[in-house]
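So the sequence lines, in the order shown, correspond to chains A, B, C and D.
Sequential numbering from 1 applies to the first sequence in full-length UniProt numbering.
Sequential numbering from 1 applies to the second sequence in full-length UniProt numbering.
Sequential numbering from 1 applies to the third sequence in full-length UniProt numbering.
Sequential numbering from 1 applies to the fourth sequence in full-length UniProt numbering.
We put the CB at the ideal spot given by N, CA and C, even for glycine.
There are 4 protein chains.
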Amino acid sequence: MAETTAASGRTPDSTRRSERSRRAIFDAALALVGEVGFARTTVEGIAARAGVGKQTIYRWWPSKAAVLLDAYLDLAAGAAEDGEAALPDTGDLAADLRTVLRATVDELNDPRYEAPTRALTAEGVVDPVLGARFVERLLEPQLELYARRLRAAQDAGDVRPDVDPRVALELFVGPLTHRWLLRTRPLTHAYADELVGYALHGIAARP
Amino acid sequence: MAETTAASGRTPDSTRRSERSRRAIFDAALALVGEVGFARTTVEGIAARAGVGKQTIYRWWPSKAAVLLDAYLDLAAGAAEDGEAALPDTGDLAADLRTVLRATVDELNDPRYEAPTRALTAEGVVDPVLGARFVERLLEPQLELYARRLRAAQDAGDVRPDVDPRVALELFVGPLTHRWLLRTRPLTHAYADELVGYALHGIAARP
Amino acid sequence: MAETTAASGRTPDSTRRSERSRRAIFDAALALVGEVGFARTTVEGIAARAGVGKQTIYRWWPSKAAVLLDAYLDLAAGAAEDGEAALPDTGDLAADLRTVLRATVDELNDPRYEAPTRALTAEGVVDPVLGARFVERLLEPQLELYARRLRAAQDAGDVRPDVDPRVALELFVGPLTHRWLLRTRPLTHAYADELVGYALHGIAARP
Amino acid sequence: MAETTAASGRTPDSTRRSERSRRAIFDAALALVGEVGFARTTVEGIAARAGVGKQTIYRWWPSKAAVLLDAYLDLAAGAAEDGEAALPDTGDLAADLRTVLRATVDELNDPRYEAPTRALTAEGVVDPVLGARFVERLLEPQLELYARRLRAAQDAGDVRPDVDPRVALELFVGPLTHRWLLRTRPLTHAYADELVGYALHGIAARP
DNA sequence: CGGTAATCGAGACGGTACGTCGTGTCTTGAG
DNA sequence: CTCAAGACACGACGTACCGTCTCGATTACCG
C-alpha cells in the first residue's frame, strides 16, 4: 500500500515501519472524520486516538489530507478485492448503465461514505498534488471501467464507432458528480435513468 | 449586496456600517486568496491588510469563507452589470453552445479566477450552508441562462419537446465542471466542441 | 514592577496588560518550581496552572527563567516592603555581621526558598543576560547594605580606612555562597561566626 | 577513568566496551558545549557527531551532564598529568597565593574553558548528585592543595596556629568564585592581589 | 448642536492545534 | 554480547490563528 511519502529532509526507512501503527492511524483517521468531520479532525486527535506519537504521523505523511487519502485508499483496496473488476455487460447498454449509475447514486447518498469522500474531493480541488493522487488511484480506475464497457458496446455496434469512450463516459459521471458535489438537485434513481436516456440518444430533435 | 449575516446574539445596526471597511475587506480577501491561497488566508491577515479591526469582520461575517463568498459575489455583480443577461441566440444552437462553453473554458482556465473559485467551490462541497448560498447566488442564475436557451431551442423545434431543459443542461456543464474540478484531463476548446456534439446528438449508434 | 521585556518582533502594549494574569503567572510559576523543581517546570504547565494562554506568557517574557526571575523579584519586593532597608548597627561590627550572616545561613537553608533560588542562580551562571538582571535587581542591593555598614564601621574607626568596602564584603558573602552553591561543607551558624572572625581581623584596624 | 555508571536495571559488561566510542563521545560532547553551549547540546547531537548510536550513550551515562562531567574529568586528568600536584612554596605565602590566584583568574577568564565549566557548575548547583561528583572529583582535590600550603605556612609560623586551613582557604576561593559565577565585578589580577592582602592579614599571626 | 450610542482600529486574552525537536526505550542487523 | 542506526510513544517547545473581549477615538443620528 504505497503512501504519499513525506517530502521532508531525510526519508525514513520504510522497512522498519510499524504496521501496527499504520493500521491504527488509518482506523483513527476514518473514525474521526466520520464522527466530527474533516475540518475538525486534527493530526493531534488522530495520533491520540491511534495511541501513536504525532511524529509517527508526520514521519510518513505530509498532511492530514494525505493520511485520510491513504486510509481511504486502503479501505477501497479492501473493498475492491472482493468484487467488481468490471461493469456488468448483459448486452443491453442502457440497462447496464442504469444499473451502475443507480448503484453510484446509492453509494454517494450513503452517509457512511459521504463525509470522507466529500472531504477528500474538496481537498483535491484545492490541492493539486493530493487531487492528482486521488484521481490516479481512485477515480481513473473507475472511469476506465466505463471506458471498457463503452468500447465493448462499440464492438457490438451499440455505440457510434467515431465516439471517444473516454469523453463519452463523462456524459454520465459528469452530471452525476456535479449534482452531488454542488447539491444543486437531489440525486435519485430517476435522475440516473433520465441521464442515461439523454446521454445515450442526445437531446436534439431528429428530423 | 446582501451579506451572509453573522448569526451571533445581537444583530449590529447595518445603517451605521462603514462602506469603506467593507470594500477594503473584500479587496484584501480577494487579494490574499489570489496570492497565498484560501487555506493560508486568515481572518487576521485580511483584517491587517484591510487596515481593519478583526471584530469588524466578525461582526458582519461568520467565517472567512463567508467573507470570500461575499467578496466574490460583489466582484461577480460588478462584472455582470455590463453584460450577458442571456446566452447568445443566433438560431444555431450547436454554435451558440460551443461559443458559451468555449468562453467558460477560458474563464475556468484564467489563473486570476482559479484560486478563489476553487476555494469557494471546495468550501461549498464541505459546508452545506455556504454551498447552498454559492449555488443559489452564483451557479443557479447561470444555469437558468442555459435552461432559457434550451427552452427557446425547443420552441424553435431544435430540441426534443419531451426533454427537461434543467436536466439537459447538465450534460454540458456537468462534464466541464468535472474536468475542471478534478483535473482529470485538460480543459480545451476542442473538448467543449466535442462535448456539444456528443450531448446534442447522443452517443448511441443510429439504426 | 519592570519585566524582562520580550525581545521579539513587535513590542506589546503594556498599558493594556492584564494584571490578573500577571499575578496568576507568578503564583503558578513559584508554586510549580517549589513542587517539581525548575527543570521539570514548563511554560505550558505554568500557563495551565495560571489559567492563561501560553501566548500570554511568551508575549511578556522570553523564557521560563525570566518568568521565574520576575516572580521572584515580585516576591522579594513584597517581602522587602516591610523591613530591612539596612543591616543592624549596634556599634559592634563583629556581632552585627554574625547576626546577618547567621540569618543568611538560615535563609539559604530554608527549603522553601532553596529550589527557586538555586534554579535562578544556576540559570544566571549560564545565561549572562538573566544573570545580570538577577545581580542588578536582587544581589547588588543586598551587597550595598554590607558596603554601607562597613563604611559606617570605617567612620567609627573599626575598619581600616584604606579598605575598599565593596571588596571587603566579598570576604563574607563569597565563602558563604561558595559553600551553599557547591555544597562543599554544611552551612552552619558556627561557620558564619568563624568566617566573621577570620575575615574581620584582616580588615580591622590594629590598635 | 571511572564513569558515572548508568543506574538502569541491568549493568552492561564494561569489559566489552568500545574505547573508540568513549573517546569520540567525549570529544563530541566537549566540542558541542564549546560551540553551542550546554543547554543546546543534546544527547542526540553528541551521538550523531561522535558517529555513535544513542543507546551507546544511554548505556553508560544517565544524562548529558554526566557525559560532560566525565569528558571534563578526562580532560582535566590529561592536563594534570604534566604538573601541579602542589601549590608553589617559595616561603613567601602572600606571593605564592597571589601567583596561584592570578593563574586561577586567567583560567576562569579563558573562553575555552568558560562554557563547559559554567555549564557543569550550574548543573551541579541544581543537581545534588552531579554536584557532589563534581566537587569530589574536581574541586576538593584543588582545595586540598590550598589546605596543604596553608598548613605548611602554619608550620613556618606565618599563619596563626588556631586557624582551620580548610575554612581559611575559602577566604580566597570563595570571593573569586563569587565574582566569576555571578559576574558581579570583573575578575582581574589586581583583584586577586587585593583579596590576598585582605584575607591574609586576617589569618596571619600577630607579632 | 451637543449628547450619546453605535461602529471602528487596535490588540490582549484564553484557547487549540500546529509542525519540530529531544527524550529515553526498543528493535534490527552487522560484527 | 556490543554497536550504529533509527523508529517509536511521549512531552514540551514556540508560533499562528481562532473567536471573544476590552479599550479609547471617531462618527452619525437624535433630542
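| task | Kindly indicate if chain A contains any beta-carbon less than 8 Å away from that of GLY45/B. | result | Not an interface residue.
| task | With a threshold of 16 other CB atoms inside 10 Å of the CB of ASP70/A, please say whether the residue is buried or exposed. | result | Taking all protein chains shown into account, ASP70/A has 16 or more neighbouring C-beta atoms within 10 Å of its C-beta and is therefore buried.
| message | Please state the DSSP three-state secondary structure of VAL52/A. | response | Reduced to three states, the DSSP call for VAL52/A is coil.
| field | Buried or exposed by the 16-neighbour rule on C-beta atoms within 10 Å, applied to ARG20/A | value | ARG20/A is classed as exposed because its beta carbon has fewer than 16 other beta carbons within 10 Å across all chains shown.
| task | Specify the secondary structure class of LEU145/A as computed by DSSP and reduced to three states. | result | LEU145/A falls in the helix class under three-state DSSP.
| said: Can you tell me whether ALA39/A is helix, strand or coil according to DSSP? | reply: Looking at ALA39/A - three-state DSSP - the assignment turns out to be coil, as it is neither helix nor strand.
| At a Cβ threshold of 8 Å, is ALA7/C touching chain D? | For ALA7/C, the predicted model reports a pLDDT of 44, less than 50, meaning its position is unreliable; a value from the coordinates is still stated below. Not an interface residue.
| said: Given this structure, state the Cα-to-Cα distance separating residue 209/A from ILE25/A, to the nearest angstrom. | reply: Because chain A in this structure spans residues 1 to 207, residue 209/A falls outside the shown range and cannot be described.
| request: Give every residue of the same chain whose Cβ lies closer than 7 Å to the Cβ of THR107/D, excluding the five residues on either side of it in the sequence, and list them in chain order. | output: Thr is not the amino acid found at residue 107/D; the sequence shown has Glu there. Contacts found: TYR113.
| field | chain D contacts made by the stretch 36-62 of chain C, where a contact means CB separation under 9 Å | value | The residues in question are GLY37, PHE38 and ALA39.
| message | So for ALA86/D, helix, strand or coil by DSSP? | response | DSSP places ALA86/D outside both helix and strand once states are collapsed to three, so it counts as coil.
| said: What does the Cβ neighbour count give for HIS189/B, buried or exposed, with the cut at 16 atoms within 10 Å? | reply: Exposed: under 16 other Cβ atoms inside 10 Å.
| query | Does ILE203/C come within less than 8 Å of chain D when only Cβ atoms are used? | reply | Low local confidence applies: a pLDDT of 44 at ILE203/C is under 50, so the model's placement there is unreliable, with the coordinate-based value given in what follows. At least one CB atom of chain D sits nearer than 8 Å to the CB of ILE203/C.
| field | Cβ contact check for the stretch 149-156 of chain D and the stretch 128-135 of chain D: 3 or more pairs under 8 Å | value | Note that the stretch 149-156 of chain D does not touch the stretch 128-135 of chain D; fewer than 3 beta-carbon pairs, one per stretch, sit closer than 8 Å.
| field | Beta carbon proximity, VAL159/B to chain A, threshold 8 Å | value | For VAL159/B, the answer is yes, since a Cβ of chain A falls inside 8 Å of its Cβ.
| said: For chain C, check one thing: does any of its Cβ atoms lie closer than 8 Å to the Cβ of HIS178/D? | reply: Judged by the 8 Å Cβ criterion, HIS178/D is in contact with chain C.
| request: Please determine, among GLU140/A, THR117/A, LEU97/A and SER63/A, the residue with the shortest C-alpha to C-alpha distance to ARG185/B. | output: With distances taken between Cα atoms, ARG185/B lies closest to GLU140/A.
| task | Output the distance between the C-alpha atoms of VAL163/A and ILE203/B, rounded to the nearest integer angstrom. | result | Going by the C-alpha atoms only, they are around 7 Å apart.
| request: Return the residue from the list THR11/B, LEU73/B and PRO12/B that minimises the CA-CA distance to ARG23/B. | output: The residue with the shortest Cα to Cα distance from ARG23/B is LEU73/B.
| Interface residues of the stretch 78-112 of chain A facing chain B [CB-CB below 9 Å] | Correct list: LEU93 and ALA94.
| said: Could you tell me which whole beta strand (DSSP E) segments of length 3 or greater appear in the stretch 130-198 of chain A? | reply: Here no run is fully enclosed.
| task | Alpha carbon to alpha carbon, how far is PRO62/B from ARG10/C? Give it in angstroms, no decimals. | result | Answer to the nearest angstrom: the Cα atoms are 29 Å apart.
| Close Cβ partners of THR117/B (< 6 Å) along its chain, the five nearest in sequence each way excluded | Hits under 6 Å: none found.
| request: Please name the residue, chosen from ASP27/B, GLY53/B, GLY51/B and LYS64/B, that lies closest to THR42/B on a Cα-to-Cα basis. | output: Considering only alpha carbons, the answer is LYS64/B.
| Considering only the beta carbon of each residue, do VAL100/B and LEU87/B sit closer than 8 Å? | A contact, by the Cβ cut-off of 8 Å.
| message | For TYR198/D and PRO165/C, what's the separation of their Cα atoms in angstroms? | response | Going by the C-alpha atoms only, they are around 11 Å apart.
| Under the three-state DSSP convention, the category ALA205/B falls into | In this structure, ALA205/B counts as coil in the three-state DSSP scheme.
| field | Close Cβ partners of SER18/C (< 8 Å) along its chain, the five nearest in sequence each way excluded | value | THR56.
| said: Can you give me the C-alpha to C-alpha distance between VAL173/D and ASP193/D, rounded to a whole angstrom? | reply: Approximately 13 Å, taken between the alpha carbons.
| Buried or exposed by the 16-neighbour rule on C-beta atoms within 10 Å, applied to ALA77/D | Per the 10 Å Cβ criterion, exposed.
| said: Distance check for LEU145/D and PRO207/D, CA to CA, integer angstroms please. | reply: At PRO207/D, the pLDDT of 38 sits below 50, so the modelled position is not reliable; the number obtained from the coordinates is stated separately. Taking the straight line from one Cα to the other gives about 27 Å.
| chain B within 8 Å of ARG22/A, Cβ atoms only | No, because no Cβ of chain B sits closer than 8 Å to the Cβ of ARG22/A.
| query | Alpha carbon to alpha carbon, how far is LEU187/B from ASN109/B? | reply | The C-alpha of ASN109/B is placed about 8 Å away from the C-alpha of LEU187/B.
| request: Step through the CB atoms of chain A and report whether any lies within less than 8 Å of the CB of GLN198/B. | output: Before going on, a small fix: residue 198/B reads as Tyr here, not Gln. It does; some Cβ of chain A falls within 8 Å.
| task | Measure the C-alpha to C-alpha separation of ALA103/C and LEU182/C and round it to an integer number of angstroms. | result | Per the coordinates, the alpha-carbon of ALA103/C lies some 19 Å from the alpha-carbon of LEU182/C.
| chain B residues whose Cβ lies nearer than 9 Å to that of LEU171/A | Annotation: Cβ neighbours of LEU171/A in chain B (cutoff 9 Å, chain order): LEU171, GLY174, PRO175, LEU195, TYR198, ALA199, GLY202 and ILE203.
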